[in-house]
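*Asks:* Let me give you the structure first, and then I'll get to my questions.
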């Protein structure tokens with residue numbers, strides 16, 4: 001009979017987590033970088049006490065908001081290319097539900113995070129317990145069921161021994177390149193404290209390695225035949241290139257075959273911006289260089305991308321009626337999208353075998369030369385819109401230019417929702433792989449600062465620069481205090497356009513009136529005049545409102561030497577965005593309106609919809 005050790009369920013859980021390992025650059029390290037925790041009655045006595053007992057092996061970090069701490073955990077996994085990740089635990093009720101948005105973010109972006117929300121009593125004796133939401137028709141339902149549609153794996157632990165299969169299944173999902181995403185283990189609070197005789201073998205150290213799937217021979221042959229017949233091939237690099245750490249294979253393949261490369265939001269920094277074949281961003285927020293090629297391409301090799309609407313211009317970008325898409329992806333669901341030739345494989349393995357099978361084939365030199373010409377033209381356009389200015393209210397693009405000049409391409413630049421991702425996707429000149437950290441899969445306002453904290457935990461020796469708008473800052477900023485408390489320095493550039501400028505511009509573009517987006521257009525008695533620098537300083541940051549682009553560059557240089565998080569605030573113009581590049585995006589306009597502006601926008605919308613490749 002195997003040896004056992006008597007532990008509570010929570011103690012077994014934390015001991016198990018502390019024994020899971022991985023290898024980074026040949027060195028064995030814990031696969032869990034720690035646990036984010038905000039305690040309440042649903043987890044403080046059970047998992048809280050268990051975390052205390054393993055605090056030296058499995059560090060616990062305290063945050064100020066459950067959603068934010070989960071964002072930090074997710075950003076940590078992204079910055080580690082999914083090789084390491086974190087857990088997040090909350091009490092039941094509002095603490096748990098605060099993490100559901102973050103779970104959806106991780107689900108969309110295919111990022112690993114372990115959610116450990118407290119739950120009601122399994123024995124149901126004290127029902128309804130504090131913060132329990134009662135379902136009049138289902139005694140088994142709790143608010144944690146909200147995690148089900150945004151978790152890759154969900155389990156409710158109602159007996160202490162159930163944690164054994166649940167944790168083993170959780171690790172399989174968290175480390176699987178195809179099914180990777182959030183795992184939720186809902187922990188009934190009485191069960192957290194119940195003891196069981198666990199087999200000692202359950203706590204044996206285990207080293208996890210990322211699986212690298214090689215392509216099927218028939219799928220590979222079909223992909224090779226399509227590429228060999230191509231006159232105008234194009235590569236789209238998605239986030240899967242970075243998760244696979246396949247940037248060297250991508251660069252070698254593109255160079256050898258002479259195929260230009262463009263990047264999705266998730267794939268940006270797969271190649272350095274100055275690589276001659278990197279046409280940069282593609283799609284709605286794409287460069288003119290990339291989008292022109294996408295319109296003409298006859299074969300599109302889509303690597304590690306889920307081909308969402310921003311990448312494809314709502315399926316109006318790829319205009320070559322005879323085009324073939326090759327979906328190189330670890331996830332068959334993505335590999336076969338839009339009638340693509342599937343090539344189910346790890347990005348690095350797939351590119352290596354594709355290159356070998358092409359046996360020296362190269363794209364026509366005229367196509368490659370045409371791409372290089374378009375890149376130069378785009379670079380000239382980008383230089384114009386990012387150039388320094390004396391304008392009282394500079395554009396987002398001009399602020400981006402200032403940050404680029406002051407901080408260089410070696411920093412990790414982090415952003416999320418609003419207008420900034422679009423401008424940064426086009427204009428930021430990324431350097432090292434993973435140095436561009438955008439969360440645009442779920443476009444989550446409030447991710448930026450918490451995400452910057454998680455990225456800094458993964459890259460403590462690197463400068464992490466967060467760019468954020470005032471609207472997103474007001475939604476979630478509390479982890480500035482956490483960054484100061486943990487000694488994790490961020491440089492935060494806050495662009496204040498006094499409202500939701502991005503959506504205001506979209507509202508105008510669809511014929512809408514300026515309504516409820518900019519503060520001045522929202523119902524108010526007194527127009528807010530928020531002192532963001534004072535607010536950030538109150539949380540311990542070094543903070544300053546800068547008067548100009550020149551002042552921003554000077555302050556950024558000084559921020560490099562600051563000993564803690566620095567917040568720099570600059571006023572910007574809410575109405576200006578970069579005209580160069582870009583592509584149409586399908587945003588439905590009302591068919592009937594009393595306003596002529598909306599009717600005109602609808603007419604233009606109907607015309608644009610004719611470009612869409614329905615069924616592709």
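Numbering (UniProt numbering), first residue to last: 1 to 616.
Think of the CB as a built atom: it goes at the ideal place given N, C-alpha and C, for glycine as much as any other residue.
All values derive from a computational prediction rather than experimental measurement.
Give every residue of the same chain whose Cβ lies closer than 6 Å to the Cβ of residue 101, excluding the five residues on either side of it in the sequence, and list them in chain order.
*Replies:* Cβ within range, chain order: 67.
*Asks:* Work out the CA separation of residue 76 and residue 246 for me, nearest whole Å.
*Replies:* Whole-angstrom Cα-Cα distance: 19 Å.
*Asks:* Is the beta carbon of residue 555 sitting closer than 9 Å to the one on residue 568?
*Replies:* The answer is yes: Cβ separation under 9 Å.
*Asks:* For a minimum of 3 consecutive residues, which ranges assigned as the beta strand (DSSP E) are wholly contained in the stretch 272-353?
*Replies:* If we require 3 residues or more, the beta strand (DSSP E) runs fully inside the stretch 272-353 come out as 278-281, 299-303, 324-329, 341-344.
*Asks:* Decide if residue 189 is buried, meaning its Cβ has at least 16 other Cβ atoms within 10 Å, or exposed.
*Replies:* Answer is buried; the Cβ neighbour count reaches 16.
*Asks:* Which partner residues does residue 263 have in the DSSP bridge list?
*Replies:* Bridge partners of residue 263: 237, 281.
*Asks:* If we call anything under 9 Å between Cβ atoms a contact, is residue 111 one with residue 87?
*Replies:* No, they are not a contact pair.
*Asks:* With 16 as the cutoff for other CB atoms within 10 Å, does residue 337 come out buried or exposed?
*Replies:* Buried, because 16 or more other Cβ atoms sit within 10 Å of the Cβ of residue 337.
*Asks:* How many Å lie between residue 615 and residue 331 at the Cα?
*Replies:* Those two C-alpha atoms are separated by around 21 Å.
*Asks:* Do you know offhand how far residue 631's Cα is from residue 44's?
*Replies:* Look at the range of the chain in this structure, 1 to 616, and you will see that residue 631 is not part of it.
*Asks:* If I'm right that residue 412 touches residue 483 with Cβ under 8 Å, what's the distance once you round it to whole angstroms?
*Replies:* Actually they do not touch by this definition, with Cβ atoms about 14 Å apart.
*Asks:* What number of angstroms, rounded off, separates the C-alpha of residue 438 from the C-alpha of residue 151?
*Replies:* Cα to Cα, residue 438 sits roughly 21 Å from residue 151.
*Asks:* Which whole-angstrom value describes the C-beta separation of residue 313 and residue 419, a residue pair presumed to lie in contact below a C-beta threshold of 8 Å?
*Replies:* So it is not a contact: roughly 18 Å between Cβ atoms.
*Asks:* Can you tell me whether DSSP reads residue 55 as helix, strand or coil?
*Replies:* Reduced to three states, the DSSP call for residue 55 is coil.
*Asks:* Cβ atoms of residue 537 and residue 543: under 9 Å apart, would you say?
*Replies:* Taking 9 Å as the Cβ cut-off, residue 543 and residue 537 qualify as a contacting pair.
*Asks:* Residue 311 to residue 328, Cα distance in whole Å?
*Replies:* Those two C-alpha atoms are separated by around 16 Å.
*Asks:* Considering only the alpha carbon of each residue, which of 291, 236, 360, 283 lies closest to residue 267?
*Replies:* The candidate whose alpha carbon is nearest that of residue 267 is 236.
*Asks:* Please classify residue 273 as buried or exposed, where buried requires at least 16 neighbouring CB atoms within 10 angstroms.
*Replies:* It counts as buried.
*Asks:* In chain order, what are the residue ranges of uninterrupted alpha helix (DSSP H) at least 4 long that sit wholly in the stretch 134-176?
*Replies:* Correct list: 163-175.
*Asks:* Apart from the five residues on each side of it in sequence, which residues of its chain come closer than 6 Å, Cβ to Cβ, to residue 84?
*Replies:* Cβ neighbours of residue 84 beyond the five flanking positions: 31, 33.
*Asks:* Less than 7 Å between C-beta atoms, sequence neighbours within five positions excluded: which residues of the same chain meet that for residue 528?
*Replies:* For residue 528, where only same-chain residues beyond five positions count, the Cβ hits under 7 Å are 519.
*Asks:* For the stretch 536-605, list the alpha helix (DSSP H) runs that are entirely contained and at least 4 residues long, ordered along the chain.
*Replies:* Segments of the alpha helix (DSSP H) lying fully in the stretch 536-605: 549-559.
*Asks:* Looking at C-alpha atoms only, which residue of 297, 308, 172, 278 is the closest neighbour of residue 284?
*Replies:* The candidate whose alpha carbon is nearest that of residue 284 is 308.
*Asks:* Any idea if residue 578 is buried or exposed, counting beta-carbon neighbours within 10 angstroms, 16 or more meaning buried?
*Replies:* By the neighbour-count rule (16 or more Cβ atoms within 10 Å), residue 578 is buried.
*Asks:* Rounded to the nearest angstrom, what separates residue 56 and residue 47 at their Cα positions?
*Replies:* Straight-line Cα distance between these residues: approximately 15 Å.
*Asks:* For residue 209, count the other beta carbons within 10 Å of its own beta carbon; 16 or more makes it buried, fewer makes it exposed. Which is it?
*Replies:* The residue is exposed, with fewer than 16 neighbouring Cβ atoms inside 10 Å.
*Asks:* In this structure, what does DSSP give as the bridge partners for residue 62?
*Replies:* Residue 62 pairs with 37.
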